Structures are given as C-alpha cells and as structure tokens.
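Undergrad: Residue numbers (the working numbering): 2 to 356. Don't be surprised by glycine CBs; every beta carbon is placed ideally from N, CA and C. Because the structure is a prediction, the values reported are computed rather than measured.
#1: Using a Cβ-Cβ cut-off of 8 Å, state whether residue 124 counts as contacting chain C.
#2: Could you tell me the alpha carbon to alpha carbon distance between residue 7 and residue 354, rounded to whole angstroms?
#3: For a test of the three-state rule: what should DSSP assign to residue 114, helix, strand or coil?
#4: Whose CA, out of 29, 72, 34, 33, lies closest to the CA of residue 45?
#5: Report buried or exposed for residue 310, applying the criterion of at least 16 other Cβ atoms within 10 angstroms of its Cβ.
#6: Considering residue 291, what are the terminal residues of the alpha helix (DSSP H) in which it resides?
#7: My understanding is that residue 193 touches residue 23, with C-beta atoms under 8 Å, so please give their C-beta distance in whole angstroms.
#8: Between the alpha carbons of residue 31 and residue 96, how many angstroms are there, rounded?
#9: Give, in chain order, every unbroken run of the beta strand (DSSP E) that is at least 3 residues long and sits entirely within the stretch 137–197.
#10: How would you write the range of the alpha helix (DSSP H) that residue 101 sits in, first residue to last?
#11: Can you give me the start and stop residues for the alpha helix (DSSP H) that residue 328 sits inside?
#12: Using only alpha-carbon positions, find the residue among 82, 260, 27 that is nearest to residue 318.
#13: What three-state label does DSSP hand residue 82 in the structure shown?
#14: Please list, in chain order, all residues of the same chain as residue 178 whose beta carbon is under 7 Å from its beta carbon, the five residues on each side excluded.
#15: Suppose only complete runs of 4+ residues qualify. What are the alpha helix (DSSP H) ranges in the stretch 238–287, listed by chain order?
#16: Pick out whichever of 77, 86, 101, 87 has its Cα sitting closest to the Cα of residue 65.
#17: Among the residues of its own chain, which have a CB less than 6 Å from the CB of residue 82, if the five just before and after it don't count?
#18: Tell me whether residue 355 sits in a helix, a strand or coil according to DSSP, three-state version.
#19: Taking the alpha carbon of residue 120 as the reference point, which residue from 350, 320, 345, 244 has its own alpha carbon closest?
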C-alpha cells in the first residue's frame, strides 16, 4: 500500500478515536465511568487500522468487534460500587485484555502462529518506545506553548484540556503504531539497545530489593504499596525478557547477555515467591479481597512463566536445548495473560458483589 495513503488512513482512525474521546468528554461522564471506558474509545480504532492493513475479511472484522462489545457491556452494565476495588481492577485490566484483541488484528487473524505472536511481542515493545517518545515530545511542546501564551497574557489551558489532549493522546496511540510499521529499521536499532541497558540495571535493583525484602522480618507486615510496586517491577522484568527474546537471533550460541537474563529471571522468581508468601500470609490473617485475588492470580501466572523460562534458559546455556524452545514457551504462554485479565474484568466483580 502506498505510504501516503496509509498515513491518511491512520490519521482518519486517529481522528475517529479523538472524536470518541471528545464525545465522551462532552457528555460530562463521571470520572470513574470515563476511566472504565477509556480503552474502548481508542483500542477499537487501533484494531481497525490493523484490520485494514492486513486486509482482514468482513467476517474476521466482525469477530474482532465481539470482545469490544462484550467489554462495553460488562464495564457499563455491572453495578459497580463507586470507587470500589472491583471497579478499579476492572478499569486496569480491561485495556490489557483488549490489547490482546488488538494483537489478533495485528497478526491478521493468524493468532495460532507462534512466529506472528512473537511479531506482536516485538511490535508491543517498539510501540511503547515510540509512544513514550511522542508523549515526551508532546509534553515539552505543550509546555512551551502554554509558557508562550502565558507570557502574552493569554490563557490557553482550556484549549489544551478541551481539544489538544482529547485528540492528541488517542492520536499518539495510532501514530506510534504507524511509526512502528513504517520505520521498523530505526526502532529495531533502538529497542534492543534499551533492553541491553536496562536488563543489568533491573537485575541489580531486583537483587537489592530481594535482600531488603528478605530481611524485613515478618512478611505479613510488608507494606501494601510495596507489594503493588513489586508487582509492577515483575511486569517490567517480564517485558524486558519478552522483548529480549523477540529481538534475539535464535541461531546464535549462548553469550554473556543470555547468562545475565538467567540471573534476572531467577532474581524475579525469588521475588515472586517472597511476594506470594506475603500475600498468602495476609490472606490467611485478613481474608480475601478483590485486590488480593487479582494480585495473587497475577503472581501465580508470573510464577509459572518465570519458573519454566529459567529452566529453558538454563538448558540453553548448557547446550541441552535450542533457544527456539524459549521462544515457543513465551508465545504459547502469551494468551494466559489476556485470559487472566478477562477473568479479572468479568468474574471477580460479581464474585465480590461488585464491592
């Protein structure tokens, strides 16, 4: 497809997402309702762009719409208690579950293909890089513009809040995806370098946190905010691992970076086990809550992934397995994250009476 034509299509989808956000904003929706539905204003348009680019059939496109419609029904029909835990975890996990629907569109419906799943992992890492750059650049530009208007004695904040952000933020999501597709040779030089830089830093940080966590004393007394932070760190570790695997040539022999990755995975596994012990202790003492169940499920999902990843990486370093087995494990396990996110959105709220 001609580059300019594709750019116009991307801009059309970006404008559509902006109109959806602006329409919701003009309806004066409650902040909680807006937050729950935020992903539904943008991700269907991103999926639509990939469906157009991959030339998916009308039946396949209709099938893509089903999860979005189902999510809209669940998020807006469930009688959530205002500011309740189930509402918050549903709002957090809905974009994650729907991102996998975008992945189905990205691979052109070939969701059973391990190679195409790995392409989607690679795309996700590169998309995050571009989206971050766009957000930083946009933030600087907005700041300079507001400063200039302020020096002139003109208030321009309303323009940013009412028009620039509602169209700019969704537009950045679409444009970042287009940049990944159009400029892959550029980001392919950036993202692997970032992975190699942050992997050793993250490993050291994990080891330090592991020592601090282990010497804390009672796992029951561990601060709840620390548990949440550690969960986020483990997700970052998984992201680094996935992208490093996707960017590696499977035919190359083991090197120092592969050994460093094994240390990273084992450290993350140890942290995960300590967190599970802390969570189970808190559950035994204080009982189940939606947040605890969601966090416990995530840690169990991560535990299985990290444990088997460590085993496969160790076998690869010892020359007993090819690196391709690690790739196949990650691509085969990928849907588990989407399924767990869907369970959190659809099942946990009614189980806990939408509290």
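TA: Once the coordinates are examined:
#1: Of the protein chains in the structure, only one exists, and it is not chain C.
#2: 46 Å
#3: coil
#4: Out of 29, 72, 34, 33, 72 has the C-alpha closest to the C-alpha of residue 45.
#5: buried
#6: 291–318
#7: Rounded, the Cβ-Cβ distance is 38 Å, inconsistent with contact.
#8: 19 Å
#9: none
#10: 86–107
#11: 325–347
#12: 260
#13: coil
#14: 47, 50, 128
#15: 257–287
#16: 101
#17: 355, 356
#18: coil
#19: 244
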